[in-house]
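Keeping their order, the protein sequence lines are chains A and B.
Read in order, the letters of the first sequence correspond to residues 1 to 272 in my numbering.
Read in order, the letters of the second sequence correspond to residues 1001 to 1468 in my numbering.
The C-beta atom is built at its ideal place from N, Cα and C for all residues, glycine as well.
Everything below concerns the one structure shown next.
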Amino acid sequence: MSTSELRIMRGREWSRPVRPARREVLSAVPELEEGRPPLLFVPGFGHGAWAFAEHWLGHAASRGFPAYAVSLRGHGASEPAPEATLRAYAHDVVQVAASLPRQAVLVGHGAGALVVAHALARYPARGAVLVAPVFGGWGVLGAALRRNPAGTLPAVFGGPLRLNRGQLFSRELPDEEARRYVGRLGRAGRRAQWALLGEPEAEPAVGAPPVLVLGSPDDRVVPASTLTRVARRYGSAPLLFPGMGHDLMLDARWAEPIDAILDWLEKEPAAH
Amino acid sequence: MSTSTDHGRPDPEATSPAANSDGRPVSDRGDTVCVIGAGASGLTAIKNLREHGFGVDCYERETGVGGAWNWRHDRSPVYASTHLISSKPFTQFPDFPMPDSWPDYPHHGQVLSYFERYADHFDLRSHIWFGTEVIRVQPVEGDRWDVTTRSTGGYGPERTARYAAVVIANGHNWSPKLPRYEGLEQFRGEIMHASSYKDPAQLRGKRVLVVGAGNTGCDIAVEAAQQASRCWHSTRRGYWYAPKYVLGRPADQVNDTLLALRVPLRVRQWLYHWTLRLTVGDLTRFGLPKPDHRVYETHPIANSQLVYYVGHGGIGPVPDVARFHPYAVELADGREIDPEVVVFATGYLPRFEFLDASVFGDSAGAGRPTLWLNAFTPGHPTLAVAGLLQPDSGLFTLSHWQTVLFARLLQARRDRPERAAAFAQRVRDRAGERYSGPVKESSRHWFEVGHADYLRAIQRALVELEGK
């Protein structure tokens, strides 16, 4: 890591701190404290903490990991924030991470992975997991426009981004459940949505945490090439779960990726 | 061989049979780094050294973390009402923010809980030996250090351990500086240094003279104005009393907007004077002396209430004290006043009683070492001082980056010795450098730094150490 990128002076952040917003944090904590690092799940745009409360929080807790999920401002039951920026989202994540009793592992999904990447520059996480990371760029926009033009085009002009069932889930997920999940989706702030197109790359992570990237080659939001590119940035290869949709934590075979994450955490020496 | 990550108590039996110059056994701690003190700077030193892969033994004379900010500690200078004078973004560690729910200027109790949470969050306590004071730090061959410790209070045997490097983070706000006055011994009233002032009840219903216009002196004067039957506030010169809020926002955040834009000092001073004229106004009307310097030339005083209480008559501004009489205090202008209690808010002096002053190039022993970046000593590449700074802002951010720089220097000594050697040369060349505009000479202002100037200097040092 080159220090020319290590930023000490943050005049703008110091003089204009992010305005606080009430945050929703859901949690599932193991009955017995086993000294495992806490996990903080960060949902992607449109999703709230509920997306992890469905399966992953409880499953992580049952394997001994204290598990928390935050709703970024403007999502879930957190305070409405139509003008939220990527910086405000990263602030929310760092605030919750620093409030946990011990050094946390950050797990970001979708655009939440980009928020985590930004948060990693401001908080020395014990480790990070990027699930189906949406790091933005014109390629992602092109793919979304091809698959779901009606849901994507308004977002380019500041309207809501509406993802559909086909983008998020595999066919294995029962229709009724998929409809329920899609019905719960909200939207990110327009400034944060635009940031996906033109935001500078996240600064390097502080404290050199180990980073795991995973996703599905059949994800209709994140192309497999993006997974490889993001993983390479963190010096590894992506872990793939074929046949799953973008929302790995809600799709029919949700247990496989979370088990892989927890196995990785148990093995990764730096993540203890 | 001892491993760097092993954090057992240094155990004389299990280690190599090294001995120090007195022939006493020394336990060799290998690559482990010794940190002296578990206050703000010591804690961030432990965390950053651990993060860079070093083993750490920290010695703390008290039984808890937080150093000066832990009011239970006998060396703590805080009093019941102490609040931060820099707002949260300038105060917190850059990678561990204070909670959003806290006010702009947290109370000292919140600051202590912040350090306790920091220590727990990063699991630092297992590296700290509480109730252990360092009595001697001696350089030995190979740029290593023999650190001799014993239980606080002088009980128990002394033990010596050898370390690869030492971070001195013993604080500089615990050894009171008491000025000399003619006749002070004969004075029949009560005399205390601000370090022993804890609670406004100590002043209730009494006639009080507060000496000193630092932030502490002003705070105590404001409390005396509300509790004492009479309060005089004696200052050597006129000062700029900056309000804590300007334009509805913490004043330091407004100021840093200008710093971020790199507005030149003269323009900032002019803007600052202009803002103060609008908000605080002409202080000589209140009987306060006119400042003999421009803003940014002394340590800033952030106190919105002092002028308010002067205006209410609760505080009577008086000049310097000339001499003490048994029942009166004579002032520089010849007036006599009759306080029952005199509080000297005259500051503190840094002290390194465990270290031979010559190591620091401070042969006079005046507690005034010659350092580069206020942290690095010429000729001792494995020694660093953390937190020996009087910033115009919060200290913790600065200590954080100092210790990151030191951790990376230690890494460079191992991996890229030629870079570490070049760094050592820069330490020799630039020792004594200052990081602020011109400041008034005083025993506290020699380590006064402007936070922006200082952090930019650290950034440059990091780039020089590791850049292309």
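Legend entry - Cβ distance (whole Å) where residue 1167/B is taken to contact residue 1036/B below 8 Å: Contact flag correct, Cβ pair sits at about 7 Å.
Legend entry - Minimum length 3: unbroken beta strand (DSSP E) runs contained in the region 65 to 110 of chain A: List check, beta strand (DSSP E) in window: 67 to 71 and 105 to 109.
Legend entry - Beta-carbon neighbours of residue 1401/B, restricted to chain A and to distances below 8 Å: Chain-ordered, the chain A residues with CB closer than 8 Å to the CB of residue 1401/B read 8.
Legend entry - CB contact check: residue 1462/B to chain A, cutoff 9 Å: So, interface residue.
Inset, instruction - Would you decide whether residue 1060/B is buried or exposed? Buried here means 16 or more other CB atoms lie within 10 Å of its CB. - result: With a 10 Å radius around the Cβ and a threshold of 16 neighbouring Cβ atoms, residue 1060/B comes out buried.
Inset, instruction - Just the C-alpha distance for residue 194/A and residue 156/A, rounded to the nearest angstrom, thanks. - result: Taking the straight line joining both Cα atoms gives about 7 Å.
Legend entry - residue 17/A classed as buried or exposed, judged by whether at least 16 other C-beta atoms fall within 10 angstroms: Its Cβ being crowded by 16 or more others within 10 Å, residue 17/A is buried.
Legend entry - Meets three-Cβ-pair contact criterion under 8 Å: the region 1418 to 1430 of chain B and the region 1104 to 1123 of chain B: Contact between the region 1418 to 1430 of chain B and the region 1104 to 1123 of chain B is absent: fewer than three C-beta pairs spanning the two stretches fall below 8 Å.
Inset, instruction - Would you verify that the beta carbon of residue 223/A is, or is not, closer than 9 Å to some beta carbon of chain B? - result: No - not a single Cβ of chain B is within 9 Å of the one on residue 223/A.
Inset, instruction - With residue 1163/B as the anchor, note down where its beta strand (DSSP E) starts and where it stops. - result: Unbroken beta strand (DSSP E) run through residue 1163/B: 1159 to 1163.
Inset, instruction - Entirely within the region 122 to 161 of chain A and at least 4 residues each: give me those alpha helix (DSSP H) ranges in chain order. - result: Counting only runs of 4 or more, we get 138 to 147 and 149 to 156.
Inset, instruction - Could you tell me the distance, in whole angstroms, from the CA atom of residue 278/A to the CA atom of residue 1232/B? - result: This structure cannot speak to residue 278/A, because chain A is shown only from 1 to 272.
Inset, instruction - Would you list, in chain order, the members of the region 116 to 129 of chain A that have their beta-carbon closer than 7 Å to a beta-carbon of chain B? - result: Among the residues of the region 116 to 129 of chain A, those with a Cβ less than 7 Å away from any Cβ of chain B are 122, 123 and 124, in the order of the chain.
Legend entry - Status (buried if at least 16 other CB within 10 Å, exposed otherwise) for residue 1047/B: Residue 1047/B should be labelled buried.
Legend entry - Candidates 1072/B, 1087/B, 1381/B and 1333/B, of which the one nearest residue 1414/B by Cα: For residue 1414/B, the nearest C-alpha among the options comes from 1381/B.
Legend entry - chain B contacts made by the region 134 to 147 of chain A, where a contact means CB separation under 9 Å: Cβ contacts with chain B: none found.
Inset, instruction - With DSSP collapsed to three states, give me the class of residue 1384/B. - result: Of the three classes helix, strand and coil, the one that applies to residue 1384/B here is strand, per DSSP.
Inset, instruction - Pick helix, strand or coil for residue 1316/B, following the three-state DSSP scheme. - result: For residue 1316/B, the three-state secondary structure derived from DSSP is strand.
Legend entry - Under 9 Å between C-beta atoms of residue 1241/B and residue 1218/B: Taking 9 Å as the Cβ cut-off, residue 1241/B and residue 1218/B qualify as a contacting pair.
Legend entry - Pairwise C-alpha distance: residue 6/A and residue 248/A: The straight-line gap from Cα to Cα measures roughly 33 Å.
Inset, instruction - Using 10 angstroms around the beta-carbon of residue 1088/B, count the other beta-carbons present and answer buried if the total reaches 16, otherwise exposed. - result: Around the beta-carbon of residue 1088/B, 16 or more other beta-carbon atoms lie within 10 Å, marking it buried.
Legend entry - Extent of the continuous beta strand (DSSP E) to which residue 1324/B belongs: Its beta strand (DSSP E) spans residues 1321 to 1325.
Legend entry - Top-ranked residue by Cα proximity to residue 13/A, from 46/A, 54/A, 268/A and 87/A: Just measuring C-alpha positions, the residue of 46/A, 54/A, 268/A and 87/A sitting nearest residue 13/A is 87/A.
Inset, instruction - List the residues of chain A whose Cβ lies closer than 8 Å to the Cβ of residue 1253/B, in chain order. - result: Per Cβ cutoff of 8 Å: 14, 15, 16 and 17.
Inset, instruction - Measuring alpha carbon to alpha carbon, tell me which of 234/A, 120/A, 160/A and 143/A ends up nearest residue 222/A. - result: It is 143/A.
Legend entry - Contact with chain A by residue 1459/B, beta-carbon distance below 9 Å: So, interface residue.
Inset, instruction - Give a yes or no on whether the minimum CB-CB distance between residue 100/A and chain E is below 9 Å. - result: Among the chains of the structure shown, chain E does not appear; the protein chains present are A and B.
Inset, instruction - Have a look at 189/A, 207/A and 172/A and flag the residue whose alpha-carbon is nearest the alpha-carbon of residue 1408/B. - result: Of 189/A, 207/A and 172/A, the residue nearest in Cα terms is 207/A.
Legend entry - Spatial neighbours of residue 1106/B in its chain, beta-carbon cut-off 6 Å, leaving aside the 5 residues before and after: Excluding sequence neighbours, residue 1106/B sits near 1084.
Inset, instruction - Output the residue ranges of the alpha helix (DSSP H) runs that lie fully inside the region 151 to 226 of chain A and measure 4 residues or longer, sorted by chain position. - result: As for any alpha helix (DSSP H) of minimum length 4 sitting wholly inside the region 151 to 226 of chain A, the runs are 165 to 168, 175 to 184 and 190 to 198, ordered along the chain.
Inset, instruction - Would you list, in chain order, the members of the region 1120 to 1145 of chain B that have their beta-carbon closer than 9 Å to a beta-carbon of chain A? - result: Within the region 1120 to 1145 of chain B, the residues whose Cβ lies closer than 9 Å to some Cβ of chain A are 1120, 1121, 1122 and 1123, listed in chain order.
Legend entry - CA-to-CA distance, residue 1095/B to residue 120/A, given in whole angstroms: Looking at the two C-alpha atoms, the distance is approximately 9 Å.
Legend entry - Where residue 47/A falls: helix, strand or coil (DSSP): Residue 47/A: coil per DSSP, three-state reduction.
Legend entry - Where residue 1182/B falls: helix, strand or coil (DSSP): Correct three-state label for residue 1182/B: strand.
Inset, instruction - Measure the CB-CB distance between residue 1200/B and residue 1346/B and report whether it falls below 9 Å. - result: The Cβ-Cβ distance between residue 1200/B and residue 1346/B does not fall below 9 Å.
Inset, instruction - Could you pull out every residue in the same chain whose Cβ sits closer than 6 Å to the Cβ of residue 1428/B, ignoring the five residues on either side in sequence? - result: The beta carbon of residue 1428/B is closer than 6 Å to those of 1378 in its chain, skipping five residues each way along the sequence.
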